[in-house]
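Letter by letter, the sequence shown follows residues 1 to 394 in the UniProt record's numbering. Positions of the beta carbon are idealized from the N, C-alpha and C atoms, including for glycine. From a predicted model like this one, the values you see are computed outputs, not experimental measurements. Worksheet for the structure shown next.
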Amino acid sequence: MSATVDHAAPSGAERSAATLLAPHDLVGDPAVVAAWGRLAASARHANPFLGPAVLLPALRHLAGGDDVRLLTVGAPGRLDLLLPVAAHQRVRRTPVRASVAWAHTHHFLGTPLVSPTLDQRGWRAALAAVATAGDAWFLLPHTDLDVVREVESAAAASGLLTRRLEEQTRPVTHRRERDDYAERRLSGRRRKELRRVRRRLEEDLGGGLALVDLADGASPSDLEAALAQFLALEASGWKGADGGAMAARPAERAFFLEACRALAAEGRLELLALRGRTGGAAAMAVVLRDGATQFTFKIAYDEQHAARSPGLLLYLDQLSLFHASGASLVDTCAAPDHPMARRLHGDDRTLVTLAVGLGPRRGAPAVRWAQTTTRTAAAVRRHRRPPAPREDHP
C-alpha cells in the first residue's frame, strides 16, 4: 500500500511528491535505493539508524517492522525526506490511535533524514501523506529542535495543532581545538585515581593496555569473530542475567549482525576493544560513523574487572580516538541522566517529542489529550525514585 501527495514546485523546478511507501517497493527500485543512500550521506542531521545499512535489517528482523511504511518526499532520482512510520498505534495512554515515527529498542535518534533543500511545501505534503493513513494525530519522537520547528511551521501553515510533549538533552561532545576533554570534565583527583586503576587493569591483562578497533582492516572472518566477542561480552554481564542480551534474542542478534556487516562494508563501523596482551577485552564499544558524527551504539564490559572502571576508561580513550579522527561530534546515544555519559560529555543535544494533529475534528483533541497524559506521567515520575541507570548503556 502506498499513498502519494503532490506539492507544487516553484516555476522551473521539478515537481515533488510525498509518499507512504511499502519498504519492499522501495528496495525493489535501485534508483530509489541509490537516492536514499545519497540523502543519508547529505542529510542535515546524520542518522545512521535511518540509513539503508541499519533500517533495512531492523525492518526485516525486529518486531513491528512488517507494519512500517516509509514516508518519503522527493522527485525521480532524488529524495528530500525519509522516515519510517507505523500507523494505527496506541501511544501515550491516548484513546485515539496515532501514526508514529517508528523506532525500536536499538534506535537512538528519531530525527528524519532531511535534505538541506526541503522546504515548508515539502513538510506540508509530508504531513498530508501521513494523514492518508486515517489516524487523527502523528507522533515524532526524539527529534532535533531545528527540525521540530520546521514541522511546527508547516503544521501551522496547514491549520494543524502541535504540542511539544517532551524535551530532553542528551550528553554529547563537540570537537574542540585540543584533546583536553578529560581535563575539562574530571577533577585532578579523579584523573589521578583513573590513572591508578588503569595501571591495575593493565597489570591484570598482562600489560600493553590499549584501545584497538577490531573492525579496521578486518577480514570477513575476523569481523565475525569480533562481533561474536562483543555479543559474548554483553551476555556475560547484567544484560545476560536479566535476559536482555542480544545473544539471547534471535531477532535482535540477527539485526545486530546484519547491520554491523553492512556498516563495516561501507567503512562506517568501529568495534573498539580495551585489551591487553593476555585475556579478552575488558570493555568493548560498537561505534557507528555517519559523516562527521560518531554514535556510541553499544558498550559492554567484563564485570570481573568492574573495580577497575573499564567502561569509563574505554570512554576516555574513545574521546582521544575521536579527536584524532577529525570527526566533529560524539553522540553517546545515552539517556539524559546517564551517570557515566553525563560525567564525560559536557555538551547537550536537544531532542523533542512532537505531537501533530492531522485534522481539526479528532486531531486537535487527541494532541491535547496526549499533552495532558504526558504531563501527568511526568508528575508521577517526579514523585518516584527510579533506579540509577547502569553505567554500561546501552
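Please report the distance separating the alpha-carbon of residue i from that of residue j.
i           : j    : result
P76         : G207 : 57 Å
D66         : E203 : 50 Å
V130        : L113 : 16 Å
A103        : H142 : 10 Å
L186        : P116 : 37 Å
L227        : P48  : 18 Å
R349        : D222 : 35 Å
G12         : L26  : Unreliable placement is indicated for G12, whose pLDDT of 41 sits below 50; the coordinate value is still reported in the next sentence. Each residue's Cα considered, the two are about 27 Å apart.
T278        : P30  : 47 Å
R189        : G276 : 25 Å
D135        : L56  : 25 Å
A9          : D146 : The pLDDT assigned to A9 is 49, lower than 50, so where the model puts this residue is not dependable, and the model offers no usable value.
E258        : A46  : 20 Å
A35         : C260 : 22 Å
V287        : R361 : 45 Å
A248        : F297 : 18 Å
H393        : Q168 : Here the model assigns H393 a pLDDT of 42, short of 50, so the residue's position is not dependable and the matter cannot be decided.
R97         : V85  : 13 Å
G64         : V367 : 23 Å
A377        : G110 : 21 Å
Y181        : L329 : 13 Å
V380        : A306 : 34 Å
A245        : M340 : 20 Å
A101        : K192 : 45 Å
residue 476 : R60  : What the structure shows of the chain is the stretch from 1 to 394, and residue 476 is not part of that stretch, so it cannot be assessed.
A196        : L205 : A quick correction: the sequence has Arg, not Ala, at residue 196. If I take the Cα positions, the gap works out to 15 Å.
D242        : L231 : 15 Å
P95         : H88  : 11 Å
H24         : A17  : 19 Å
R384        : G74  : 46 Å
F255        : E150 : 32 Å
R90         : P365 : 15 Å
L201        : M284 : 15 Å
Q229        : W238 : 16 Å
P220        : D331 : 27 Å
E391        : F108 : In this prediction, E391 scores a pLDDT of 49, lower than 50, which makes its location untrustworthy; the coordinate-derived value is nonetheless stated afterwards. Cα to Cα, E391 sits roughly 17 Å from F108.
A225        : L21  : 37 Å
G240        : R78  : 44 Å
A218        : E266 : 13 Å
On a Cα-Cα basis, can you pick out the residue from the options that is closest to residue i?
i           : options                   : result
L233        : D67, A17, S115 and Q304   : Q304
R92         : T374, H383, D67 and A378  : T374
R69         : A254, G243 and S99        : S99
W137        : C260, A155 and V33        : A155
T72         : D347, G363 and V33        : V33
E152        : G134, T132, A126 and T173 : A126
L62         : L201, G110 and H106       : H106
residue 402 : R44, H45, G37 and R198    : The structure shown does not extend to residue 402, since the chain spans only 1 to 394, so no value can be given for it.
P250        : A262, E150, A264 and A235 : A235
T132        : T19, G28 and A285         : T19
L83         : R97, P52 and Q89          : P52
L165        : W369, R343 and P23        : W369
R308        : G122, A282 and A248       : A282
L194        : L344, R176, W238 and P365 : L344
D216        : A285, A264, P336 and P23  : A264
A58         : V197, A262 and S325       : A262
V148        : W123, R170, P171 and D242 : W123
E183        : R44, C333, S320 and A364  : S320
R198        : L21, Q120, E150 and Y315  : Y315
S325        : R90, P171, R44 and R176   : R176
G363        : L21, F108 and A128        : A128
I299        : C333, R200 and R342       : C333
Am I right that residue i and residue j are in contact with their C-beta atoms under 8 Å? What's the rounded C-beta distance?
i    : j    : result
Q294 : A327 : 5 Å
R289 : R268 : 4 Å
G291 : Y301 : So it is not a contact: roughly 28 Å between Cβ atoms.
L338 : D179 : The amino acid at residue 338 is misidentified as Leu; the sequence shows His. No, H338 and D179 are not in contact; Cβ-Cβ is about 23 Å, not under 8 Å.
T173 : D347 : 6 Å
D80  : L118 : 4 Å
A40  : L50  : 7 Å
L351 : D144 : 7 Å
R121 : P336 : At roughly 34 Å, the Cβ-Cβ gap does not stay under 8 Å, so R121 and P336 are not in contact.
Just to check, is the beta-carbon of residue i closer than 8 Å to a non-hydrogen atom of the ligand COA?
i    : result
M340 : Questions concerning the ligand COA fall outside what the structure shown contains, since it holds no ligand whatsoever.
Should residue i be flagged as near chain C, meaning a C-beta pair shorter than 9 Å?
i   : result
G65 : Chain labels in this structure do not include chain C; a single protein chain is all it has.
Inside the region 70-141 only - alpha helix (DSSP H) runs reaching at least 4 residues = 120-131
query = For the 8 Å Cβ check, are there 3 or more pairs between the region 155-164 and the region 356-370?
reply = yes
query = Unbroken beta strand (DSSP E) runs of length 3 or more, entirely within the region 256-334: which are they?
reply = 269-275, 283-290, 293-301 and 329-331
request  = Just list the alpha helix (DSSP H) runs in the region 172-243, keeping only unbroken ones of 4 residues or longer that don't cross its boundaries, in chain order.
outcome  = 181-185, 188-204, 220-235 and 238-241
ask   = Using 8 Å as the Cβ pair cut-off and three pairs as the minimum, do the region 206-223 and the region 266-284 touch?
value = yes
ask   = What beta strand (DSSP E) runs, 3 residues minimum, are completely inside the region 338-394?
value = 347-357
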